[in-house]
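Colleague:
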Amino acid sequence: MKSILRRTGIAVVILTSILITNYANAGDDFVFWPDADYDPAIPTFEAVLGYAPGQRITWHADAIRYFEALAEAAPERISVAAYAKSWEGRDLVYVVVTSPENMARIETIKSNMQRLADPRRTSRSEAQEIIKDQPAVTWLSYGVHGNETSSTEAAMLTAYHLLASRGDKRVADIMRDTVVVIDPMQNPDGRDRFIHHFETSEGLVPDSDRIAAEHNEPWPGGRTNHYFFDLNRDWFMLTQPETQGRVKILQEWYPVAYVDAHEMSSDSTYYFAPEAIPYNPHLASDQRNSLTLFGKNNARWFDNFGLDYYTREVFDAFYPGYGASWPSYFGSVAMTYEQASVRGLVVRQYDGKDLTYPFAIRNHFITSLSTAETTAANRQKFLSEFYDYRVSAIQEGKNDSIRSYILPTQADQAAANKLAGLLVQQGVEIGRANSSFEACGQSYEAGSYVINSAQPGKRFIRTLMDTNVPMNDDFIAEQERRRAKNLDDEIYDVTAWSLPLMMNVRAASCSRNVDGDFTAQGPELMQAGTLTGGTGSVAYLVPWGSATAVRFLTQALRSGLDVKSSDKAFTHSGRRYPAGTLIITVADNASVSSASIAELAASTGADVVSVDNSWVTDGPNFGSENVVRFNQPRVAIAWDQPTASYSAGNTRFIVERQFGYPVTAIRVAQLKRADLSHYQVLILPENGWGGGYADALGEQGTANLKDWVAKGGVLIGLGNANRYLADPEIDLLSIRRENAVVEAEKDKANGNGNKNDGDEEEATVEGHYLTSNDDYRALITPEKNSPDSVAGVLAKANVDPDHWLGAGVAPTLNVLVRGPDIYTPVKMDKGVNVAVFAGAHDLLASGYMWEQNRKQLAYKPFVVIQSSGRGYVIGFTQDPNVRAYLDGLNVIFMNAILRGSAHARPVR
Ligand SMILES: [Zn+2]
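Printed below as a string of C-alpha cells:
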C-alpha cells in the first residue's frame, strides 16, 4: 500500500478515499480537543500527511516529515534534533517545544539544569536564583514498543496543539513555564515492522474482529527493535543504540517529569500514575508524592472527557531498567502511561464495543497535555525538588551503611572496566587508583576502581551495585498468600539485577568514604589491549577467560589465523596460563606479524604475550592432545516460529555485535529438510511463539537434526528449548524436566500409591476425611504439577574445571533463573554436568525465590553436554543471553560455540 501511495498522485486520491470513506467508526470529524482555536499558519497533520489523525498508522519517515514541517513553520518555538540511529538506519529524534523567549536561551536552560544537578558546585541560594525564572522540562517519550502505535500520533497532535492553539491560557502557561521535549518514536524499526505487517494484511475496510490477520502480527512482531530487544528493559545495561542515545541526551536536559507512553490489552481502559507497589526502596518520598500530583491532574481531565482509567495496579516501579524507572534515579518523576491497544484502526472489545484508533490517540494526547500542565503549575516545586533530590542523595551517601564500592583489579579486568564505563555513562563518578590504597582494612592495588556514594547518583549506585534490593515485606507476604491459592503473583519483572553479579565482577563495599590518589574514569567500555614481549619467534599466547579474549579469537579466526587452544592450564616461563588459553604459533601462521597481533589486541581489548620458545614446565605442551585447533565454524540459529523472538534476537546480537561473528538465521520450517552439513553449530533459542519445537520440526526435522549431530554438528539448546531436547520421545539429551516435588502428606491425601497406572478410572473414588486446611490443600493440588514459575532471580552455579566447556570460566557463575523449568542432572555414563546449581543454602545470589524452587533447583544442572556420534548436544537450562545483560555467562556460551566446534569430530 505504501509504495503505491508514494508513487502516483492519482492512486493516492482513489485509495485513500476508498479506505477512509468506508471507515465509519471514527471519521474525519472526530474531535480531539473541543473548542480549540488553531492558527492556520501552523500546518495540520492532514495538510502534511494527507489523512486526518487516526485514519492511518503513521510511518516513521512520515512522522519525521510532519515534525520538520512544524519546525519550518515555527522555528522560533520548535526544533528537531537526531540523537541516535537504529540498527536499520532510521533516525531517532527529539523535538523541543517552548516559547520563543525560552527557545532563544535554550542552551542556558540546559546549563542551568546541569548546575542544579550538582549541589557541590551550586549553593542553595544560587539554586534558588536559577529556579526563579528557569522553565522546567517535561519529557514525553512515545512508542518504545513499536506495535503500540497510538502514542506517536499523539506526539504529533501534542506538538501541533502547543504551537497552533490561540487564546488558550493553559497552552500559554506550558509554553512560558516549561520546555516540552517530545521523543515521538523510541523504536522506529519496530514501528515500521508493525505497520508493514498491518498494511500487508488490510482489506477493503478496517476489521474490528480480533482474529482478523491485521490484528495478529507474524513473528517476531513489532514490539522489539532489530535484534528483538525489549527496549523498555535495556535502560541500565545500554546494549542498544536507541537506549545509548537516549540516556546521553536525558543527562543533558534533566527533565523533572518523564513519561513513557505504552499500550496494553485491548480490553483495558487507560492507566497512569501513581504506580503499583512494590516501589524500589531507593526512590525518594518526594518522587512518590509527585506521582500522585500528575495522576490527579490526568484524572481531572479524564473526568471532563468522561473517560475510564485506573491507577496503582499492575505496573510497578521496582525494576530500574524501565523508561518509567531509570530517570527516577537522577531525580525525575518518571511514569508509565498505558492505553488499551487497537493494534490497527479499530478493534472489538469483550463487551462488543469498538475501540477506535482516534480514541486511543486522544487519550495519550490528553495525558500529554495534562502532564505538561502539571509541570507548569508546579514548576518551582519540581525544580526545587530536583535540586533537593541531588542534595539529599549526597547527604545519604555520607551517612549510609555502604559509603563506597570498590572494584579491585581482577582476573577478568575487562569486565570490571566495562562495568565502570557503563556506570560513568549513566552519570556515576568513579575514580581509578593511581597507587595502592587501603579501605576498610583491605588493601587494593593501583588500577582498582572506587565509587564513593556521596554523590548525586547515590541511589542509582545503590540500586545497581547492591547485591540485593529488597521488596517490601507486605508485598512479599501477599504474593505468598496468592501463590498458596494458585493465583498468579503480581511481580511484574525480574527481582534481581545486581550488576557485579550479572557481569561476574568482584566488588567490595566499605562503610567509609575512600581517600587516595584517583583519576576520574571515562565512559569507555573497553580499553585497548596490549602485546607484551614484542615479536614472538615461536608463538603468541592469549590468556582465556574474558570477553576481550573471546573477541580476539573470533576476529583472529575471521582474519584467517590458525589458532590452537589448551584445554588445561599450563605454565610457561614462570607464568600460569588458564585453561582455554589461545596459542598462535608462528609455524602455523607464516604471515603473522607482531604488528598485526598488536593491532588485533588493541582493537579487541585482549592482552597478548609473545613467547620465544615452546617449553612448558607444567601442563600440556603446544603439541599435546589436550591442545585443539579451532576451525572457523559456520554458526546458525533457529529463527521464526516457534522460537521466542527475544531469545533468538538477543543471542544473535551477542554473537554478532558483541563478538563480531556472523550468524545465519534459519527459519525452523527450513530445518525440517535443509542440508545442514555446511554448518558446524546450530543454536535452538528459547521456545515461545505458537507450539513447541517437536511439533514445528516434526519427525522429519528431528531426524534431520539427529543425523546432523551424529555427523559432527554441535546443537546448543537455550532455556526451555531443552523441553524439546530432553523430551523422552526426542531424547537428544538424557536429562528430564521435573514436576514439582510432592510432599509426603500431599501424596497420601491425593490417593497416590493406591492407584495402578493404566487402570480405567472408576465411576466413584475413594473417600477421605479432611481434618485440616492442609489436608484440603493437598487434595485440591493436582497430582502432576510443574514447579511454580520464578519471576527472575540470580542463582549461583558451580563450574566443573576439568571439562573444556568450562575452560577459563569463573568457578562460580550467576545465572538468571526464570520460569518453572528444573531438569534432572545427566548421568555420568551419558554426559557431563558442566555447571551445576549450588546447594539450597548457597543457591540464591539475589532476588526473591519461592522456597520450594530453591530447594528443588539445588544441585540441578545449568549446563550439560552429551556427545552423540561425532557431534555434541549442549543444554543451557536457563537462557544465558537474556537481554544480553548476563555478561558473566558470555565465556561459557562462546565456549559452547567455538570450542564445541573445535572438539567435534566430523569427517573432514
Ligand atoms: Zn509497552
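Take the sequence shown: its letters are residues 179 to 1086, numbered as in my numbering. C-beta: ideal position from N, C-alpha, C; glycine also.
1) Helix, strand or coil for glutamate 285 per DSSP?
2) Can you give me the C-alpha to C-alpha distance between tyrosine 565 and tryptophan 431, rounded to a whole angstrom?
3) Measuring CB to CB, does phenylalanine 800 end up less than 8 angstroms from alanine 717?
4) Taking C-alpha atoms, which residue in Ser744, Met281, Glu304 and Gly381 lies nearest to methionine 353?
5) Quick one: is the Cβ of asparagine 365 within less than 7 angstroms of any heavy atom of ligand 1?
6) With a threshold of 7 angstroms (Cβ to nearest heavy atom), would glutamate 877 be considered close to ligand 2?
7) Return the CA-CA distance between aspartate 1065 and proline 678, expressed in angstroms with no decimal places.
8) Relative to the alpha-carbon of histidine 1019, which residue among Met1006, Tyr1026, Ala1036 and Gly1009 has its alpha-carbon at the smallest distance?
9) Considering Cα atoms alone, identify which of Ser386, Pro456 and Val357 is closest to aspartate 651.
10) For leucine 1067 and alanine 593, what's the separation of their Cα atoms in angstroms?
11) Relative to the C-alpha of valine 1085, which candidate in Gly1049, Ser277 and Leu248 has its C-alpha closest?
12) Who are the near neighbours of valine 734 in its chain, counting only those whose CB is closer than 8 angstroms to its CB and skipping five residues on each side?
13) Just to confirm, is the Cβ distance from valine 846 to valine 833 under 8 angstroms?
14) Starting from arginine 996, trace the beta strand (DSSP E) in both directions and tell me its first and last residue.
15) Under DSSP, the beta strand (DSSP E) around glutamate 441 begins and ends at which residues?
16) When you compare the region 998-1011 with the region 957-967, are there three or more beta-carbon pairs, one atom per stretch, that lie closer than 8 angstroms?
17) Using 8 angstroms as the threshold, is the C-beta distance between tyrosine 515 and tyrosine 449 below it?
18) Please list, in chain order, all residues of the same chain as lysine 746 whose beta carbon is under 7 angstroms from its beta carbon, the five residues on each side excluded.
19) Below 8 angstroms, can you find three or more Cβ-Cβ pairs linking the region 406-417 to the region 459-477?
20) Counting along the chain, where does the alpha helix (DSSP H) carrying valine 720 start and finish?
21) Which of helix, strand or coil does DSSP assign to serine 744?
22) Report buried or exposed for glutamate 623, applying the criterion of at least 16 other Cβ atoms within 10 angstroms of its Cβ.
23) Would you grab the beta carbon distance between proline 863 and alanine 826 for me? Rounded to a whole angstrom, and I think it's under 8 angstroms.
24) Out of curiosity, what's the CA-to-CA distance linking phenylalanine 1071 and valine 943?
25) When the distance is taken between beta carbons, is glutamate 563 closer than 8 angstroms to aspartate 464?
26) Taking only heavy atoms of ligand 1 into account, decide whether any of them is closer than 7 angstroms to the Cβ of asparagine 410.
27) Between which two residues does the alpha helix (DSSP H) holding tyrosine 902 run?
28) Got a sec? Which residues, its chain only, sit under 6 angstroms from arginine 1077 by beta carbon, not counting five neighbours each side?
29) Could you have a look at serine 1079 and say whether DSSP puts it in helix, strand or coil?
30) Just curious, the alpha helix (DSSP H) that aspartate 464 is in, first and last residue?
31) Output the distance between the C-alpha atoms of alanine 852 and glycine 879, rounded to the nearest integer angstrom.
32) Going by the CB atoms, is the gap between serine 626 and valine 525 shorter than 8 angstroms?
33) Per DSSP, which residues does cysteine 688 bridge with? Please list them.
34) In whole angstroms, give me the CA-to-CA distance for glutamine 558 and glutamine 603.
35) Whose C-beta lies closer than 6 angstroms to the C-beta of threonine 821 among residues of the same chain, with five residues either side of it excluded?
36) Can you give me the C-alpha to C-alpha distance between proline 452 and leucine 469, rounded to a whole angstrom?
Modeller: Let me spell this out:
1) Locating residue 285 in the sequence shown gives position 107, counting from the first residue. Three-state result, glutamate 285: helix.
2) Working through the sequence shown from its first residue, we reach residue 565 at position 387. Working through the sequence shown from its first residue, we reach residue 431 at position 253. About 14 angstroms.
3) Counting from one through the sequence shown, the residue named residue 800 turns up at place 622. Counting from one through the sequence shown, the residue named residue 717 turns up at place 539. Going by C-beta atoms, phenylalanine 800 is nearer than 8 angstroms to alanine 717.
4) As a first step, residue 353 is located in the sequence shown; it is residue number 175 there, counting from the start. That would be Met281, whose Cα lies nearest to the Cα of methionine 353.
5) The residue you call residue 365 lines up with position 187 of the sequence shown. No - ligand 1 has no heavy atom lying nearer than 7 angstroms to the Cβ of asparagine 365.
6) Ligands displayed in this structure: ligand 1; ligand 2 is not among them.
7) Against the sequence shown, residue 1065 aligns to sequence position 887. Against the sequence shown, residue 678 aligns to sequence position 500. Distance between the alpha carbons of aspartate 1065 and proline 678 is about 10 angstroms.
8) Position 841 of the sequence shown, counted from the start, is the residue given in the question as residue 1019. With distances taken between Cα atoms, histidine 1019 lies closest to Ala1036.
9) Within the sequence shown, residue 651 is the residue found at index 473, counting from 1. Selected option, being the one with the closest Cα: Pro456.
10) Position 889 of the sequence shown, counting from 1, holds the residue named residue 1067. Position 415 of the sequence shown, counting from 1, holds the residue named residue 593. Each residue's alpha carbon lies about 11 angstroms from the other.
11) By one-based count along the sequence shown, residue 1085 stands at place 907. For the residues Gly1049, Ser277 and Leu248, the minimum Cα distance to valine 1085 belongs to Gly1049.
12) Walking along the sequence shown from the start, residue 734 turns up at place 556. This sequence places alanine at residue 734; valine is not what is there. Excluding positions up to five away in sequence, the list reads Val741, Leu760, Ile762 and Leu778.
13) One-based indexing of the sequence shown puts residue 846 at position 668. One-based indexing of the sequence shown puts residue 833 at position 655. Not closer than 8 angstroms, so no.
14) Your numbering for residue 996 matches position 818 in the sequence shown. Its beta strand (DSSP E) spans residues 990-997.
15) Here the question's residue 441 lines up with position 263 in the sequence shown. It spans 435-442 - the beta strand (DSSP E) in which glutamate 441 sits, taken as one unbroken run.
16) yes
17) Indexing the sequence shown from 1 puts residue 515 at position 337. Indexing the sequence shown from 1 puts residue 449 at position 271. Taking 8 angstroms as the Cβ cut-off, tyrosine 515 and tyrosine 449 qualify as a contacting pair.
18) Taking the first residue of the sequence shown as 1, we reach residue 746 at position 568. Hits under 7 angstroms: Ala757, Gly797, Pro798 and Asn804.
19) no
20) Along the sequence shown, read from residue 1 onward, the residue named residue 720 stands at position 542. Where valine 720 is concerned, there is no enclosing alpha helix (DSSP H), although the beta strand (DSSP E) it sits in stretches over 717-720.
21) Reading the sequence shown from its first residue, position 566 is the one you call residue 744. In this structure, serine 744 counts as strand in the three-state DSSP scheme.
22) As a position in the sequence shown, residue 623 is number 445, starting the count at 1. Flag for glutamate 623 reads exposed.
23) As a first step, residue 863 is located in the sequence shown; it is residue number 685 there, counting from the start. As a first step, residue 826 is located in the sequence shown; it is residue number 648 there, counting from the start. At roughly 4 angstroms, the Cβ-Cβ gap stays under 8 angstroms, so proline 863 and alanine 826 are in contact.
24) Counting from one through the sequence shown, the residue named residue 1071 turns up at place 893. Counting from one through the sequence shown, the residue named residue 943 turns up at place 765. About 51 angstroms.
25) Your numbering for residue 464 matches position 286 in the sequence shown. Your numbering for residue 563 matches position 385 in the sequence shown. Against a cut-off of 8 angstroms, the Cβ pair of glutamate 563 and aspartate 464 comes out as a contact.
26) One-based indexing of the sequence shown puts residue 410 at position 232. Result yes, Cβ under 7 angstroms from ligand 1.
27) In the sequence shown, residue 902 corresponds to position 724, counting from 1. 900-903 is the extent of the alpha helix (DSSP H) around tyrosine 902.
28) To locate residue 1077, count along the sequence shown from 1; it is residue 899. The answer, listed in chain order, is Trp982.
29) Working through the sequence shown from its first residue, we reach residue 1079 at position 901. Of the three classes helix, strand and coil, the one that applies to serine 1079 here is helix, per DSSP.
30) On the sequence shown, residue 464 is found 286 positions in, with the first residue counted as 1. 463-483 is the span of the alpha helix (DSSP H), which, as asked, contains aspartate 464.
31) Counted from its first residue, the sequence shown places residue 852 at position 674. Counted from its first residue, the sequence shown places residue 879 at position 701. Their Cα atoms are separated by approximately 9 angstroms.
32) Locating residue 525 in the sequence shown gives position 347, where the first residue counts as 1. Locating residue 626 in the sequence shown gives position 448, where the first residue counts as 1. No. Outside cutoff.
33) Counting from one through the sequence shown, the residue named residue 688 turns up at place 510. Note: cysteine 688 sits in a beta bridge opposite Ser582.
34) Position 380 of the sequence shown, counting from 1, holds the residue named residue 558. Position 425 of the sequence shown, counting from 1, holds the residue named residue 603. The alpha-carbon atoms of glutamine 558 and glutamine 603 are separated by roughly 29 angstroms.
35) If you number the sequence shown from 1, residue 821 lands on position 643. Once the five neighbours on either side are set aside, the close Cβ partners of threonine 821 are Pro863.
36) Taking the sequence shown and counting its residues from 1, the one referred to as residue 452 is at position 274. Taking the sequence shown and counting its residues from 1, the one referred to as residue 469 is at position 291. Straight-line Cα distance between these residues: approximately 5 angstroms.
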